[in-house]
Structures are given as structure tokens and as C-alpha cells.
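Novice: For the sequence shown, full-length UniProt numbering begins at 1 and goes up steadily by one. Just so you know, even glycine gets a beta-carbon here, dropped at the ideal spot from N, CA and C. Mind looking over this structure? Questions follow.
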Amino acid sequence: MEDHKQLLFSKSYINGEWVSGSPENFDVLNPADGSLVTKISNGDGQTVSLAIDAAHTAFKPWSKKSAKDRSVIMQRWYSLIIENKEHIAKIMTLESGKPINESRGEVDYGASFIQWFAEEAKRLYGDIIPGYTADRRIMVIKQPIGVVGAITPWNFPLAMITRKVAPALAAGCTVVVRPSEETPLTALAIAHLAEKAGFPNGVFNVVAGTDAAAMGKVLCESPLVSKISFTGSTKVGQILSTQCVPTLKKLSLELGGNAPFIVFEDADIDAAIKGAIAGKFRFSGQTCVCVNRILVHEKIYELFTTKFVKAVSELRLGNGMREEVNIGPLINKKAINRVESFIQDAVKKGGKILIGGDKIDDHFFSPTVIGDATATMDFAKEEIFGPVAPIFKFSSDEEAIHLANDTIYGLASYFYTNDLKRSWKISEALEYGIVGINEGLISSEVAPFGGVKYSGSGREGSKYGIEDYIEIKYICIGNID
Ligand code: SIN
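Structure, rendered in C-alpha cells:
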């Protein structure tokens with residue numbers, strides 16, 4: 001079972017070569033116990049510049065290839081990732097702590113974007129528009145935007161990369177990826193597979209390094225980079241946006257969330273419990289679309305809460321490498337402390353710990369349910385990013401909508417009801433980019449993913465996801481008669 005080591009790399013991947021950064025290395029640690037997974041050469045701003053130059057040189061020839069040729073290489077990359085699923089999943093669990101079954105799921109999920117956009121590459125149709133005078137013909141063509149900088153988080157070490165780079169590569173762009181310093185190994189493993197798939201040098205580059213601020217700044221400020229796509233916190237998204245102003249760079253931002261999960265009095269409670277468990281505890285609560293606030297109608301509050309607590313008691317906590325585990329460690333000690341402070345704040349303000357509430361050590365926090373949650377508690381406004389489920393009570397549809405929308409964020413939202421009229425009314429009233437009705441898991445390569453308000457802009461995945469990587473060109477042919 002040591003075969004994953006053939007996919008472990010310790011340098012940045014630039015222009016088809018493994019390149020060292022600064023003389024120091026940095027440690028990639030296993031979140032389950034703090035042990036060393038491997039050491040990596042520390043890329044920095046200069047390393048990012050090298051990668052930008054390579055991507056810039058590679059752009060023209062790559063964009064000139066036929067869509068079909070690009071698609072064939074992408075399909076090979078997809079197949080190689082799927083063939084190496086076990087190895088990649090193991091690397092992912094070692095560096096992120098994600099339970100191994102979820103890591104396998106992420107390999108499928110991440111690879112699906114490559115397969116999807118390999119197909120979409122061939123359907124990037126333009127338009128013919130009726131001319132505005134008799135002797136003119138109007139055409140619209142779509143062209144790749146240029147070099148793309150993809151800045152990606154630790155919580156999906158594969159899928160957040162492929163969701164950005166697959167549409168970019170399909171459109172004919174070249175890419176520089178800056179993965180999180182917590183989880184660079186999955187990114188480097190798929191860079192190796194990209195090379196095997198036949199991407200020309202410089203088309204796909206990965207720079208691993210710890211100085212996120214310096215590396216991000218170089219990407220944002222470079223006149224050779226045409227577009228930045230970022231997934232991460234709202235705070236960092238705001239910094240990157242400011243840095244992109246002087247070059248008027250296009251930006252896609254997938255930022256924080258504060259997902260409400262509303263259970264109406266007519267809901268199928270067992271289905272709602274299943275959805276809430278899946279939507280709350282996926283990767284121990286560390287995703288942007290994880291349920292942040294459970295809002296339950298007062299008539300079913302006791303019943304829902306009792307059943308939900310029982311379901312939480314059945315979750316198995318431990319090292320994600322163990323097959324039976326479904327709640328792994330949190331990413332680092334800072335995350336543990338943050339979760340602990342949410343609980344202390346809630347208890348101080350009258351919240352009741354119904355199960356959990358325990359910091360096991362610097363790596364693990366037990367799955368927790370807080371009853372009698374109120375809008376004054378910190379988690380009503382902030383993203384928890386951990387295994388804590390607060391339950392709020394409401395008494396009317398209007399109150400549920402008000403509570404759900406009472407946040408600066410607008411990424412994912414969920415509700416459970418069997419009433420068709422209510423389904424439409426609530427879907428339209430929720431100020432979110434994504435709505436799950438009677439469903440707690442909504443992510444897929446076929447559907448548009450993205451938020452409104454402080455959750456960002458742009459859509460990833462689906463037929464819409466490629467639009468962020470193209471420019472539209474209007475061509476007018478005159479004097480036709
Ligand atoms: C995220 O947490 O940013 C992405 C979640 C998903 O793709 O489901």
C-alpha cells in the first residue's frame with residue numbers, strides 16, 4: 001500500500017520541469033497527528049513569475065490547437081486520474097485529513113470537471129446575428145482569455161483545481177495554479193499526470209509555496225495574467241480584488257458561505273435528517289456549502305432535534321485513513337480553536353450543547369449540536385467551517401426567509417418541504433446562488449456553482465463555467481452586396 005509514493009513530488013511543476021523554489025523546504029503535515037508527510041521546496045514570488053512566463057509562451061500554440069486536440073489530451077488526463085484514484089485519494093487524506101471514502105469521492109468529483117469540459121471544448125459555439133444593414137453580416141466568436149491564475153484552497157485539494165483549470169484549458173487558456181500550502185501534494189500529483197497525458201510544456205503549471213500573500217500578489221499584478229480565479233475566504237478575495245484593479249484583471253471569486261438549512265413543518269423528517277447530516281458533516285463541516293444554520297419549524301423542533309442528535313451520535317470520529325471513519329481531524333490547531341470559541345460564545349448566550357462540544361486534542365473536535373441557537377450567536381453571522389450544528393427555531397415562512405437571508409453571504413441554501421407552492425416561493429425568496437430542495441448535497445460538474453453577495457461572483461462547472469475563461473469578439477463584415 002505504499003504505491004502512492006510514486007505520485008509524491010517535492011518541487012513546483014513549471015514548463016514541464018520540476019523546479020526548486022527558495023533554498024528552504026516546507027513541511028506538509030498530516031492533520032490527523034501532525035506527523036510529517038513530506039518536505040517540499042518552497043516556491044515564492046519569483047517561482048510564480050517563472051511559471052507565468054512559461055504559461056505566457058505556451059498560450060499561443062495551445063490556443064491555436066483545435067478544440068478536438070485539446071479535448072483528447074484532457075480526456076487522457078481524466079482517465080489517468082481515475083486509474084490512479086486510490087493513490088491520489090491516499091495522498092489527499094494524508095495531507096488534508098479527509099476521510100478516505102470522501103477522498104475517493106473527491107477524485108471522481110474533481111476528475112468529472114475534466115471530462116465535462118473536455119466535451120464542452122468542442123461546443124464553444126459562436127453566433128451569427130442578423131445584420132443591422134442589408135450589406136452587413138455580424139458574427140460572434142469566442143476566444144480564450146489568456147493566462148489564468150488559479151488560487152485554490154486546502155479543503156478540496158483536487159476538485160477546486162480542476163473546476164477552474166478544466167474550463168480554462170478547454171477554452172485554450174494556459175494556467176498557473178497556486179494550491180494551498182496545506183495541501184500541495186494532490187496538485188503536484190495531477191501535474192505529473194497532466195504531463196503523462198500530453199499537455200505541452202507550460203500549459204499547466206503548479207507552484208507550491210508557503211507565502212500565499214506574495215505569490216497571490218505576483219499573479220494579480222502581472223500584466224501577463226489575464227484572469228484570476230480564487231476559491232477561499234471573503235477577506236482574501238477582497239485583497240486579491242484590490243490587487244487586480246491596476247491591470248483591470250477579470251476575476252472569479254468563490255468565497256465564504258453561511259448556508260441555512262430550513263426544515264418546514266410538512267417536511268419528511270427522516271429525509272431532512274439524512275440531508276442535514278450529509279450537508280453539515282461533509283469533510284467534518286469544512287466546505288463552503290456546508291450547512292451553517294439549521295432552522296426548524298417550532299412544531300417539529302423537538303422531534304427533529306432528538307432524531308438529529310441520535311444520527312450525530314452514530315458518526316465515527318478518527319484518522320481518515322481508517323475505512324469506517326466519517327469525521328476526520330480538522331485541518332489545523334487554529335481551526336480547532338475557532339470551533340471551540342463558537343461553542344463558548346453560544347453557551348454564554350444561552351445555547352445548549354445537546355451532544356459533543358469536546359476538543360479531543362489539537363487535531364480532533366467531536367461532532368456537536370447546539371440547541372436553542374439565536375441570531376446573536378457568532379455562528380449566526382460567521383462561517384463555522386467545523387463539525388458544529390446549531391439549531392434555530394422559527395414559527396412562519398416569513399420568519400424563516402428573514403433568518404435565512406440575514407447574512408452577508410449567499411452561496412448555498414437548503415430547505416425541506418413537500419409543498420409545491422412553498423417550494424417555488426422559498427426558492428425565489430432565498431438570496432443565494434444555490435438552492436437545494438429536499439437535498440443536502442448539491443455539488444456536481446453539470447450544475448452551476450457560485451454565490452451572490454459576499455460569497456463572490458462567477459459560476460463554475462456546467463455549460464456556464466467556461467464563460468469565465470473566454471472573450472467574446474464581434475466581427476462585422478461590410479459591403480456584402
Ligand atoms: C467549497 O467548499 O468551496 C466547494 C464545495 C463543493 O464543491 O461542493
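(1) From residue 6 to residue 188, what distance separates their C-alpha atoms?
(2) Does the beta carbon of residue 326 fall short of 7 Å from some heavy atom of the ligand SIN?
(3) Measure from the alpha carbon of residue 387 to the alpha carbon of each residue in 276, 468, 12, 478, then state which is nearest.
(4) Beta carbon of residue 339, beta carbon of residue 384: below 8 Å?
(5) When the Cα atoms are used, what is the spatial distance from residue 126 to residue 141?
(6) Run the proximity test for residue 482: is its beta-carbon closer than 7 Å to any non-hydrogen atom belonging to the ligand SIN?
(7) Could you pull the start and end residues of the alpha helix (DSSP H) that residue 210 belongs to?
(8) Quick one: complete beta strand (DSSP E) runs, 3+ long, within the region 13–43?
(9) Cβ atoms of residue 97 and residue 367: under 8 Å apart, would you say?
(10) Let me make sure I understand the geometry here. Which of 259, 29, 316, 438 has the alpha-carbon closest to that of residue 432?
(11) Under the criterion of a Cβ to heavy atom distance below 7 Å, does residue 156 qualify as lining the ligand SIN?
(12) Terminal residues of the continuous beta strand (DSSP E) containing residue 293?
(13) Quick one: complete beta strand (DSSP E) runs, 3+ long, within the region 256–323?
(14) Hey, would you say the C-beta of residue 214 is under 7 Å away from at least one heavy atom of the ligand SIN?
(15) Can you give me the start and stop residues for the alpha helix (DSSP H) that residue 412 sits inside?
(16) Buried or exposed for residue 376, please, with buried defined as at least 16 other CB atoms from any protein chain shown within 10 angstroms of its CB.
(17) When you measure from the CB of residue 159 to every non-hydrogen atom of the ligand SIN, does any distance come out below 7 Å?
(18) Does DSSP put residue 81 in a helix, in a strand, or in coil?
(19) How long is the line joining the alpha carbons of residue 313 and residue 355, rounded to whole angstroms?
(20) Let me make sure I understand the geometry here. Which of 423, 30, 402, 353 has the alpha-carbon closest to that of residue 90?
(21) Roughly how many angstroms separate the alpha carbons of residue 136 and residue 472, rounded to a whole number?
(22) With a 10 Å radius around its C-beta and 16 neighbouring C-beta atoms as the bar for buried, classify residue 476 as buried or exposed.
(23) Cα separation between residue 395 and residue 422?
(24) Based on DSSP bridge pairs, tell me the residues matched to residue 409.
(25) Residue 470 by DSSP, collapsed to three states: which one?
(26) Kindly examine the ligand SIN and report whether one of its heavy atoms sits closer than 7 Å to the Cβ of residue 281.
(27) Does any heavy atom of the ligand SIN sit closer than 7 Å to the C-beta of residue 289?
(28) To the nearest angstrom, how far is the alpha carbon of residue 300 from that of residue 65?
(29) Using the Cα positions of residue 364 and residue 84, report the straight-line distance between them to the nearest angstrom.
(30) Determine the extent of the beta strand (DSSP E) in which residue 142 is found, giving its start and end residues.
(31) Helix, strand or coil: which one does DSSP assign to residue 173?
(32) Closer than 6 Å by C-beta to residue 316: which residues in its own chain qualify, once you throw out the five before and the five after it? Chain order, please.
(33) Taking the DSSP output, what are the residues bridged to residue 371?
(34) Grab the span of the alpha helix (DSSP H) containing residue 241 for me, first residue to last.
(35) Confirm the yes/no value for this check: CB of residue 186, any heavy atom of the ligand SIN, distance under 7 Å.
(36) Could you spell out the range, first to last residue, of the beta strand (DSSP E) harbouring residue 388?
Specialist: This is what the structure holds:
(1) 12 Å
(2) no
(3) 276
(4) yes
(5) 5 Å
(6) No answer is possible for residue 482: the residues shown for the chain start at 1 and end at 481.
(7) Segment: none, residue 210 is in no alpha helix (DSSP H) and carries neither H nor E.
(8) 17–19, 25–29, 36–41
(9) no
(10) 259
(11) yes
(12) 291–297
(13) 259–263, 291–297
(14) no
(15) Segment 412–416 is the beta strand (DSSP E) holding residue 412; no alpha helix (DSSP H) there.
(16) exposed
(17) yes
(18) helix
(19) 8 Å
(20) 30
(21) 19 Å
(22) exposed
(23) 15 Å
(24) 453
(25) strand
(26) no
(27) yes
(28) 59 Å
(29) 29 Å
(30) 137–144
(31) coil
(32) 324, 325, 326
(33) 352
(34) 234–244
(35) no
(36) 388–394
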